[in-house]
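Going by full-length UniProt numbering, the residue at position 266 of the sequence shown is 266; the numbering climbs one at a time, nothing skipped.
Beta carbons: idealized from backbone N, C-alpha and C, even for Gly.
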Amino acid sequence: MKVEKFKVLLYLKKSGLDKSGKAPIMGRITVNRTMAQFGCKLSCTPELWNPRESRLNGKSREAVETNAKIDKLLFTAFDNLVERKIDFDAADVKDLFQGSMETQMTLMKMTDAVCDDIKARIGIDRAKGTYPGYHYMRLALREFIETRYKVKDLAFGQLTEQFIHDYQAFAMEEKGYAIDTVRHHLAILKKVCRLAYKKGYSEKCHFQHFTLPKQSERTPRALSRESFEKIRDVEIPSYRKTHILARDLFLFACYTGVSYADVSSTSKRTLIFSLLIITVL
1 MKVEKFKVLL YLKKSGLDKS GKAPIMGRIT VNRTMAQFGC KLSCTPELWN PRESRLNGKS
61 REAVETNAKI DKLLFTAFDN LVERKIDFDA ADVKDLFQGS METQMTLMKM TDAVCDDIKA
121 RIGIDRAKGT YPGYHYMRLA LREFIETRYK VKDLAFGQLT EQFIHDYQAF AMEEKGYAID
181 TVRHHLAILK KVCRLAYKKG YSEKCHFQHF TLPKQSERTP RALSRESFEK IRDVEIPSYR
241 KTHILARDLF LFACYTGVSY ADVSSTSKRT LIFSLLIITV L
């Protein structure tokens, strides 16, 4: 995006003095042809304010600290948007200035968006069995945030590298999840943060260097002929139709070598369609 005009005008709201006599610092942002007003969440002694420079006069502790916060506020917000190489206007800069939970895309909001996207793509390019993992990760993450931070959501700017380590410990120790489940949850969390950064909702790509725990190693066990024959010959009551179907599909897979994924996705519709093809041929 080409920024032809970027201007921030700061001023004091002298009608809103607090109990200590300080006035809130307000601002007006202009980006190209867009404009937005905002509050800096900073206050200062009115006598120290220099309206021409939009800074505090002098070298007092208040002046030095407040001026430093103003500089960081202005340059960080603008630079973060420029680095993303995405289109933005005055309202976007305002949102970064204010850090508002209502106007920003937060961790749980982004997680909800990712889960909803997966759900919408079921049957298109995602299997039905993919969604539950995302759903339960969302529930566990929300519980972790409410338990650990006593809030319902967190802004991406509030996340630290320790967050993902604490969440891993919560999932394993307090929830009792298996290592493979925890690994899946952490992978989704990294995906959420990566998308948030890519879309410009987060100032940094959180947890990109975090290494996922190793998957548990399982030695495949072969079914003995004796066990196979027991399954084949077991008598199942006729009213247990789903049990009979499951057994028959299992035997079919054993005899033909069809993969579990293909067997589990088999339906009456696919069987009829396959039968029609065979009939035509």
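For T30, DSSP records a beta bridge to K7, M35. Counting of Cβ neighbours within 10 angstroms places R138 among the buried residues, the total reaching 16 or more.
When the Cα atoms are used, S20 and K69 turn out to be separated by approximately 20 Å. In the three-state reduction of the DSSP assignment, S43 falls in the strand class. Runs of the alpha helix (DSSP H) lying entirely within the UniProt domain "Phage integrase SAM-like" (113 to 210), each at least 4 residues long, are 131 to 149, 161 to 169, 179 to 198 in chain order. Secondary structure note for S264: its alpha helix (DSSP H) is the uninterrupted segment 260 to 264. Leaving aside the five residues that flank R194 on each side, the residues in its chain whose CB is nearer than 8 Å to its CB run, in chain order, C205, Q208.
Ranked by Cα distance from A171, the options I29, P213, Y255 are led by P213. Between D248 and C115, the alpha-carbon positions lie close to 35 Å from each other. A Cβ-Cβ contact shorter than 9 Å links Y134 with I118.
Under DSSP, N50 shares a beta bridge with R55. Remark: C-beta atoms of V8 and I25 do not approach each other more closely than 9 Å.
By the Cβ-count criterion, S202 is buried, with 16 or more other Cβ atoms from all chains shown falling within 10 Å of its own Cβ. Within 10 angstroms of the beta-carbon of L73 lie 16 or more other beta-carbons, which makes it buried. In this structure, L48 sits near L56, with a CB-CB distance shorter than 9 Å.
Residue M108 holds the alpha-carbon nearest to the alpha-carbon of L159 among S265, M108, Q215. The beta carbons of P46 and L12 sit closer together than 9 Å.
Contact check for F228 against E161 fails: the beta carbons are separated by 9 Å or more. For Y255, the uninterrupted alpha helix (DSSP H) segment begins and ends at 241 to 256. Cβ neighbours of H243 within its own chain (closer than 7 Å, five residues either side excluded): I236. By a beta-carbon distance limit of 8 Å, L141 contacts Y167. Their separation comes to about 7 Å. Separation of the CB atoms of L245 and R232 is rounded to 15 Å, and the pair is thereby denied contact status at 8 Å.
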